[in-house]
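K.L.:
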Amino acid sequence: MEGTSSFAQVESAARRGWRASSIGALEGAAGAIPLSLGCATLLFSHVSPDVMASGLFATMLALACIHFATAGNQRPLMFTARIFEATTLGAMLDQAVAQLPAWGLVDSTGVRLAFLCAFSTAAGLFVCVLFLVRAERLTPFIPAPVFAGFSNSIAVVQLVSQSRSLWQQLAAAPVVMTVASTAAVALAGAYVLRRWRPRWPSAAVGLLLGLGAGLFWAHQGQPAPMVGGGGISFGLPVLQADFRALLAPEVRAWPMLLLVLGNGAILGTMIFINTAIGSQALTQIDGRRARSRGDGLAMGAVMSVAGLAGAAPISGSIMVSLAVARTSRVDVATMTMVAAITVLVFLTGVLGWVPLAAVVGVLLCDAWFLLDRPSLRLAGEWLRGTRLADNAREDLALIAAVTLLAVVANMVVAAFAGLVLGLFLFAVRSARKPVRNVWTGQQLSSNCARCSSELRLLAEHGAAIRVFELEGDMFFAVGASLEQSLHSGTEGATCLVLDWSRVRHVDTSVAITVSTFERNAAERGLAVFHAGAGMQHGNVAEELRRRMPQAKLAPDLDYALELAENRLIQWHSTGAGSDGTSSVFEAMLLFDGLNVEECAALERAMVHRFFRSGEVILAAGESSDDLMLILQGSASIVAPDSEGNAVRLAGVRRGAILGEVGFLDGSPRSANVTAQDDVMVAVLTREKYLELCRAGHTVVPKLLANVAMALASRLRHTNQLALARARAQQRPAVAAFPLRPSAPPPR
Numbered sequence: 001m002e003g004t005s006s007f008a009q010v011e012s013a014a015r016r017g018w019r020a021s022s023i024g025a026l027e028g029a030a031g032a033i034p035l036s037l038g039c040a041t042l043l044f045s046h047v048s049p050d051v052m053a054s055g056l057f058a059t060m061l062a063l064a065c066i067h068f069a070t071a072g073n074q075r076p077l078m079f080t081a082r083i084f085e086a087t088t089l090g091a092m093l094d095q096a097v098a099q100l101p102a103w104g105l106v107d108s109t110g111v112r113l114a115f116l117c118a119f120s121t122a123a124g125l126f127v128c129v130l131f132l133v134r135a136e137r138l139t140p141f142i143p144a145p146v147f148a149g150f151s152n153s154i155a156v157v158q159l160v161s162q163s164r165s166l167w168q169q170l171a172a173a174p175v176v177m178t179v180a181s182t183a184a185v186a187l188a189g190a191y192v193l194r195r196w197r198p199r200w201p202s203a204a205v206g207l208l209l210g211l212g213a214g215l216f217w218a219h220q221g222q223p224a225p226m227v228g229g230g231g232i233s234f235g236l237p238v239l240q241a242d243f244r245a246l247l248a249p250e251v252r253a254w255p256m257l258l259l260v261l262g263n264g265a266i267l268g269t270m271i272f273i274n275t276a277i278g279s280q281a282l283t284q285i286d287g288r289r290a291r292s293r294g295d296g297l298a299m300g301a302v303m304s305v306a307g308l309a310g311a312a313p314i315s316g317s318i319m320v321s322l323a324v325a326r327t328s329r330v331d332v333a334t335m336t337m338v339a340a341i342t343v344l345v346f347l348t349g350v351l352g353w354v355p356l357a358a359v360v361g362v363l364l365c366d367a368w369f370l371l372d373r374p375s376l377r378l379a380g381e382w383l384r385g386t387r388l389a390d391n392a393r394e395d396l397a398l399i400a401a402v403t404l405l406a407v408v409a410n411m412v413v414a415a416f417a418g419l420v421l422g423l424f425l426f427a428v429r430s431a432r433k434p435v436r437n438v439w440t441g442q443q444l445s446s447n448c449a450r451c452s453s454e455l456r457l458l459a460e461h462g463a464a465i466r467v468f469e470l471e472g473d474m475f476f477a478v479g480a481s482l483e484q485s486l487h488s489g490t491e492g493a494t495c496l497v498l499d500w501s502r503v504r505h506v507d508t509s510v511a512i513t514v515s516t517f518e519r520n521a522a523e524r525g526l527a528v529f530h531a532g533a534g535m536q537h538g539n540v541a542e543e544l545r546r547r548m549p550q551a552k553l554a555p556d557l558d559y560a561l562e563l564a565e566n567r568l569i570q571w572h573s574t575g576a577g578s579d580g581t582s583s584v585f586e587a588m589l590l591f592d593g594l595n596v597e598e599c600a601a602l603e604r605a606m607v608h609r610f611f612r613s614g615e616v617i618l619a620a621g622e623s624s625d626d627l628m629l630i631l632q633g634s635a636s637i638v639a640p641d642s643e644g645n646a647v648r649l650a651g652v653r654r655g656a657i658l659g660e661v662g663f664l665d666g667s668p669r670s671a672n673v674t675a676q677d678d679v680m681v682a683v684l685t686r687e688k689y690l691e692l693c694r695a696g697h698t699v700v701p702k703l704l705a706n707v708a709m710a711l712a713s714r715l716r717h718t719n720q721l722a723l724a725r726a727r728a729q730q731r732p733a734v735a736a737f738p739l740r741p742s743a744p745p746p747r
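The following block contains the structure:
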């Protein structure tokens with residue numbers, strides 16, 4: 001569904017340079033620092049208020065280090081602590097504390113810090129393992145609607161959590177107006193910039209406006225709660241962690257170790273998935289992908305060290321990354337400046353002056369803009385009873401499911417569910433229509449140059465040729481639908497062409513289905529040709545050869561159509577020439593309307609030439625001095641492409657004229673003509689033609705008229721095909737054929 005994901009809506013920032021990087025860094029720091037501190041506050045409330053200041057220091061230090069350490073990555077990404085991970089780690093701590101008596105441990109701040117550091121370190125190591133096995137390669141397979149669901153889930157969680165935080169501040173404030181006005185000023189300032197000046201650092205400006213409002217109320221004697229109200233500490237939580245208690249001999253180590261490893265795997269998976277999804281979201285904007293496994297390992301190593309130090313879990317942030325991408329490119333300069341701003345903000349104590357209400361206002365603004373607008377419009381249309389297209393309805397269901405799972409459970413569950421549901425929808429959509437179109441020989445034809453009699457025959461009986469235009473990778477789910485489409489399109493047919501040029505992969509079930517269909521078709525006397533099976537460099541040609549060694553494989557659709565047309569012409573041809581004789585007179589193309597004397601004069605003027613299979617009949621660039629008539633065999637017209645490879649443009653066979661355009665206007669040959677098999681041609685040289693002209697022979701004007709009629713017949717045939725295709729496209733493809741009863745093909 002076009003426009004489903006909000007990430008596709010964000011334009012890649014064209015502005016570069018230090019000025020753009022500085023603005024982007026301010027936007028990133030304004031989003032990452034307050035959110036990280038809020039998450040650290042939430043996490044360390046599960047430990048003890050006494051270590052809150054050291055926890056904030058560890059989190060800020062980790063935030064600066066990971067931005068600095070990963071600035072040179074091929075796929076840079078903004079980082080922050082997240083509510084999902086902080087809440088999850090807090091719940092893990094509560095679970096561990098509940099089991100302390102069973103393990104022989106006494107509850108204390110040091111023990112809680114030891115478990116916090118152990119869980120976080122194990123999570124960072126698990127992130128390293130996931131990057132080591134290149135698990136991020138799964139993210140490109142996540143459908144765009146899943147990203148829209150992630151965006152909506154983050155927005156919903158942030159709207160709910162910040163609204164609750166604002167309500168709690170309002171309830172605790174002596175004067176409600178101090179909190180309400182500060183939040184409103186920050187929210188309004190950020191909204192105005194996001195709406196009308198999207199390249200400006202809206203979060204930073206919103207915080208500055210909130211800071212001004214907070215200072216105003218403080219001057220009035222009504223101070224509001226501040227972000228850094230707990231003061232500044234330069235100690236790390238790991239220094240206060242009591243690891244000795246966990247390693248005491250009387251402690252039951254194995255249950256405790258299993259809990260640490262299990263919780264570390266869960267937390268690490270959450271961090272990894274959120275980081276990988278954030279990376280994929282930025283890749284959709286600027287096209288840069290992570291190619292180095294070392295980048296991911298370095299990222300995981302920093303997360304492990306940060307976890308050991310006691311910081312809140314840090315992961316890649318979709319929200320902050322997209323905020324920076326609006327104003328500048330996420331690069332080394334931007335990441336380095338974010339790290340520097342983080343250190344500077346903490347050391348100067350500026351956070352002690354920023355009201356919590358201002359942070360809430362900015363985060364509420366970001367949450368509002370994170371809501372995926374295309375999916376909201378689809379939901380509105382569905383609620384109003386508007387009939388949605390199948391793809392739109394399925395995408396809306398996928399977005400809703402991912403959003404709900406991410407909010408109710410977590411991002412890990414939502415990511416796996418989104419991947420599974422996306423694959424399921426892919427299977428359903430692929431199974432729905434494996435045959436894109438079905439054409440007849442009256443709607444499509446090869447580029448083979450043919451005489452007017454063959455063109456008339458094809459125009460009359462071309463409906464007996466069927467071309468099945470297949471598409472999409474095919475697996476077992478499409479087998480029944482493919483078989484039904486093939487059988488329903490064969491009524492009244494003589495020759496069938498299966499066009500595989502849009503298919504890259506087939507599985508064994510589809511190959512068996514096609515093999516069974518071809519065997520049944522052969523029993524009914526139908527000829528089946530396969531076109532373009534190797535064009536997508538997949539496994540189609542290999543599977544067809546393995547299951548059907550005798551299958552007729554043509555390199556492209558044009559060649560397959562030519563073979564099918566030859567088969568049809570051979571069946572319907574009667575009378576002179578049907579036995580393959582090489583008489584010039586029986587070829588009839590240049591002899592329409594000529595009397596016996598004129599035919600004899602033309603035959604005397606023409607000489608016969610024989611070419612072995614593979615020999616060049618006409619070479620590109622040569623002078624056009626000869627007019628040729630193919631008496632026996634067939635040839636291919638080939639020309640080099642931009643890379644110098646020979647490309648077959650068309651085919652010619654018995655009765656066709658070669659070189660008529662160059663013979664008329666004197667231009668050099670435009671392509672090579674190579675014999676496919678042994679070819680006999682009759683040649684009228686320019687010298688003999690001029691002799692006939694000087695003699696004033698009556699055969700000359702009739703000869704030119706026949707050449708012109710041959711060109712006109714091809715043009716008329718092409719126009720008829722175009723008109724037939726246009727009419728067929730206005731009707732259902734398989735049921736569009738006005739088929740007439742025809743005799744069964746010969747066995």
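In this note's numbering, the protein residues as written are 1 to 747.
Virtual Cβ for every residue (Gly too), placed ideally from N, Cα, C.
As the structure is a computational prediction, the values presented were derived from the model and not from experiment.
Identify the continuous beta strand (DSSP E) that holds residue 437 and give its terminal residues.
P.N.:
Residue 437 -> beta strand (DSSP E) spans 435-440.
K.L.:
For the structure I just gave you, are there three or more beta carbon pairs, one from the stretch 210-225 and one from the stretch 181-200, closer than 8 Å?
P.N.:
The stretch 210-225 is in contact with the stretch 181-200.
K.L.:
Just the Cα atoms here: how many angstroms apart are residue 110 and residue 240?
P.N.:
Their backbone Cα atoms lie some 6 Å apart in a straight line.
K.L.:
Drop a sphere of 10 angstroms on the beta-carbon of residue 489, count the other beta-carbons inside from all chains shown, and report buried for 16 or more, exposed for fewer.
P.N.:
Classification of residue 489: buried, given that the 10 Å Cβ count is 16 or more.
K.L.:
So what does DSSP say about residue 640, is it helix, strand or coil?
P.N.:
Reduced to three states, the DSSP call for residue 640 is strand.
K.L.:
How many angstroms separate the CA atom of residue 18 from the CA atom of residue 249?
P.N.:
Answer to the nearest angstrom: the Cα atoms are 57 Å apart.
K.L.:
Can you tell me which of the three DSSP states residue 550 falls into?
P.N.:
The answer is coil: DSSP assigns residue 550 none of H, G, I, E or B.
K.L.:
Counting pairs of Cβ atoms below 8 Å between the stretch 88-105 and the stretch 333-345, do you hit three or more?
P.N.:
Too few Cβ pairs lie closer than 8 Å, so no.
K.L.:
What do you get for residue 175, buried or exposed, if any count of 16 or more other CB atoms within 10 angstroms of its CB means buried?
P.N.:
Classification for residue 175: exposed.
K.L.:
Smallest Cα separation from residue 268: which of 295, 493, 316 and 180?
P.N.:
Per the Cα distances, 316.
K.L.:
For residue 748, which three-state DSSP category applies?
P.N.:
Missing from the structure shown is residue 748; the chain here goes from 1 to 747 and no further.
K.L.:
Quick check on DSSP: helix, strand or coil for residue 495?
P.N.:
In this structure, residue 495 counts as strand in the three-state DSSP scheme.
K.L.:
Is it a yes or a no for the stretch 52-61 touching the stretch 361-379, going by three-plus beta-carbon pairs under 8 Å?
P.N.:
Judged by Cβ distances under 8 Å, the stretch 52-61 makes no contact with the stretch 361-379, as fewer than three pairs qualify.
K.L.:
Going by DSSP, which residues form a beta bridge with residue 629?
P.N.:
657 and 682.
K.L.:
My output table needs one value for residue 764: the three-state DSSP class, helix, strand or coil.
P.N.:
The first residue shown for the chain is 1 and the last is 747, placing residue 764 beyond what the model contains.
K.L.:
If you draw a straight line from the C-alpha of residue 683 to the C-alpha of residue 630, how long is it?
P.N.:
Using only the alpha carbons, I get a separation of about 9 Å.
K.L.:
May I ask you to verify whether the stretch 111-120 touches the stretch 46-54, counting CB pairs closer than 8 Å and requiring at least 3?
P.N.:
Yes, the stretch 111-120 touches the stretch 46-54.
K.L.:
As a quick exercise: from 319, 35, 178 and 191, pick the residue whose alpha carbon is nearest that of residue 153.
P.N.:
When each option's Cα is compared against that of residue 153, the closest is 319.
K.L.:
Find the nearest neighbour of residue 216 within the set 262, 226, 193 and 178, judged by alpha-carbon distance.
P.N.:
For residue 216, the nearest C-alpha among the options comes from 178.
K.L.:
What is the DSSP secondary structure of residue 761, reduced to helix, strand or coil?
P.N.:
A question about residue 761 goes unanswered here, because the residues of the chain that appear run from 1 up to 747.
K.L.:
What three-state label does DSSP hand residue 464 in the structure shown?
P.N.:
Residue state, collapsed to three classes: helix.
K.L.:
Report the three-state DSSP secondary structure of residue 648 (helix, strand or coil).
P.N.:
In this structure, residue 648 counts as strand in the three-state DSSP scheme.
K.L.:
Secondary structure at residue 695, three-state DSSP: helix, strand or coil?
P.N.:
Residue 695: coil per DSSP, three-state reduction.
K.L.:
Mark residue 172 as exposed unless 16 or more other C-beta atoms lie within 10 angstroms of its C-beta, in which case mark it buried.
P.N.:
Exposed is the call here.
K.L.:
Out of curiosity, what's the CA-to-CA distance linking residue 405 and residue 370?
P.N.:
The alpha-carbon atoms of residue 405 and residue 370 are separated by roughly 17 Å.
K.L.:
Looking at C-beta atoms only, is the number of pairs between the stretch 99-107 and the stretch 67-86 that lie closer than 8 Å three or more?
P.N.:
Verdict: no, contact absent.
K.L.:
When you compare the CB positions of residue 476 and residue 507, do they come within less than 7 Å of one another, or not?
P.N.:
Taking 7 Å as the Cβ cut-off, residue 476 and residue 507 qualify as a contacting pair.
K.L.:
If we ignore side chains and look at the alpha-carbon of each, how far apart do residue 125 and residue 244 end up?
P.N.:
Computed Cα separation, rounded: 22 Å.
K.L.:
From residue 568 to residue 611, what distance separates their C-alpha atoms?
P.N.:
Using only the alpha carbons, I get a separation of about 26 Å.
K.L.:
May I ask you to verify whether the stretch 659-671 touches the stretch 694-701, counting CB pairs closer than 8 Å and requiring at least 3?
P.N.:
With a cut-off of 8 Å, the stretch 694-701 and the stretch 659-671 do not count as touching, because too few Cβ pairs lie within range.
K.L.:
By how many angstroms is the C-alpha of residue 322 removed from the C-alpha of residue 77?
P.N.:
The straight-line gap from Cα to Cα measures roughly 10 Å.
K.L.:
Round the Cβ separation of residue 572 and residue 487 to the nearest angstrom and send it over; I've been treating them as touching at under 8 Å.
P.N.:
The Cβ separation is near 25 Å, so there is no contact.
K.L.:
What do you reckon, are the CB atoms on residue 67 and residue 303 nearer than 7 Å?
P.N.:
Against a cut-off of 7 Å, the Cβ pair of residue 303 and residue 67 comes out as no contact.
K.L.:
What is the rounded straight-line gap between the Cα of residue 455 and the Cα of residue 463?
P.N.:
Roughly 13 Å between the two C-alpha positions.
K.L.:
Using a Cβ-Cβ cutoff of less than 6 Å, which residues in the same chain neighbour residue 168 once the five nearest sequence positions on both sides are dropped?
P.N.:
Closer than 6 Å at Cβ, skipping near neighbours: no residue.
K.L.:
Note down, in chain order, each residue of its chain lying with its Cβ closer than 8 Å to the Cβ of residue 678, except the 5 sequence neighbours on either side.
P.N.:
Closer than 8 Å at Cβ, skipping near neighbours: 610, 611, 612, 613, 632 and 633.
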